[in-house]
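First residue of the sequence shown? That's 1347 in the working numbering, and the numbers climb one at a time after it.
Just below is one structure, and these are the notes that go with it.
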Amino acid sequence: MLLLVAPTALAHARQGEAAPRLLKVATLELPEQDDSQWQQRREQVLQLLESLQPDVITVQRVAQDKSRNNRACWLAVRLRYSCDFVTADPPSQPLRQGSAMLSRLEVVEDGVTLLHPPGRYSAAGMLRVKQGEDLINVYVARLWPEPDEAAIRRHQTSDLMTWIGATADGLPSLIAGAFAASTDELVSSSPGFQPARKNPGERVEPPSVAGSATRAHGLDVLFQVKHFSGVSLEAVKLLPADEAEGPAVRLGVMATLQLQDGTL
1347 MLLLVAPTAL AHARQGEAAP RLLKVATLEL PEQDDSQWQQ RREQVLQLLE
1397 SLQPDVITVQ RVAQDKSRNN RACWLAVRLR YSCDFVTADP PSQPLRQGSA
1447 MLSRLEVVED GVTLLHPPGR YSAAGMLRVK QGEDLINVYV ARLWPEPDEA
1497 AIRRHQTSDL MTWIGATADG LPSLIAGAFA ASTDELVSSS PGFQPARKNP
1547 GERVEPPSVA GSATRAHGLD VLFQVKHFSG VSLEAVKLLP ADEAEGPAVR
1597 LGVMATLQLQ DGTL
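Following this line, the structure appears as structure tokens:
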């Protein structure tokens, strides 16, 4: 009788197990607004994101004109995501540059800070999103100063980590962005965070970023190892339909992360 009952009890236990608490975060860089490539392929970008279904999308190097039009928020409207534009530029400036944060999850709080020394992309943003019963902080930053000097990178990274410490409220947090530092420098300057691309067994090459150097870590998602484990990482790219379209367009990466049990 014990041999008959044990498998049944095990099956019931498995049925009662909670589903994994997963979060999908993409960090991208899109073709320029006035680039013919963007006009020709934005519907393909939209279809690709619809198929991937990221919970949060961050977009680097976003330009917004006086009418508040930008590529990222165009996608958000079509995807039915929220869109937060993060910039250090004043509202009076005709063309403002920064990053964008798109979410299909409920946003319960947001914030912006400036990283020093100030520059064209020196604003960092934060969304606190609700995934099921969990609250999660998603930060976006472009730690790629102009000029790209080690002292400036360290200062801006230190500013970001201080801001995270002041705003995270002990909740699981991650950073989606573009990183000019080498992987070793990035890991040492962001204690407690793990680059998704550094996971053992991952084979996703660093996506190309405008102006990137070979030593640069590039686009990635950094997650707190005490709160998350990495499940998978995939390249986000548009594959050409035929040879006439040219090579694949690499847009970024998407990390699928799992919240650890007992996180909250």
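For each residue, glycine too, the CB sits at the ideal point set by N, CA and C.
All figures in this text were calculated on a predicted structure; none of them were measured in a lab.
Assuming Ser-1449 and Asp-1401 form a contact by the criterion Cβ under 8 Å, report the distance between their Cβ atoms to the nearest whole angstrom.
7 Å
Run through DSSP, which three-state label would Tyr-1370 get?
Checking the sequence shown, residue 1370 turns out to be Lys, not Tyr. Here Lys-1370 sits in strand by DSSP.
Tell me, which residues are paired with Asp-1430 by DSSP?
Met-1447
When Leu-1506, Ala-1496, Ile-1510 and Leu-1461 are compared against Asn-1483, the one with the closest alpha-carbon:
Ile-1510
In the DSSP output, which residue or residues are listed as bridge partners for Ala-1601?
Val-1371 and Leu-1579
Could you check where the alpha helix (DSSP H) with Val-1533 kicks off and where it finishes?
1529–1535
Output needed for Glu-1452: all residues of its chain with C-beta closer than 6 Å, excluding positions within five of it in sequence on either side, in chain order.
Lys-1476
Using only the alpha-carbon positions, how far apart do Arg-1414 and Gly-1538 sit?
36 Å
Assign Ala-1299 to one of two classes, buried (16 or more other C-beta atoms within 10 Å of its C-beta) or exposed (fewer than that).
Because the chain here runs from 1347 to 1610, residue 1299 falls outside it and cannot be looked at.
Can you name, in chain order, every residue of its own chain whose Cβ lies under 6 Å from the Cβ of Thr-1459, other than the five neighbours on each side?
Ala-1470 and Trp-1509
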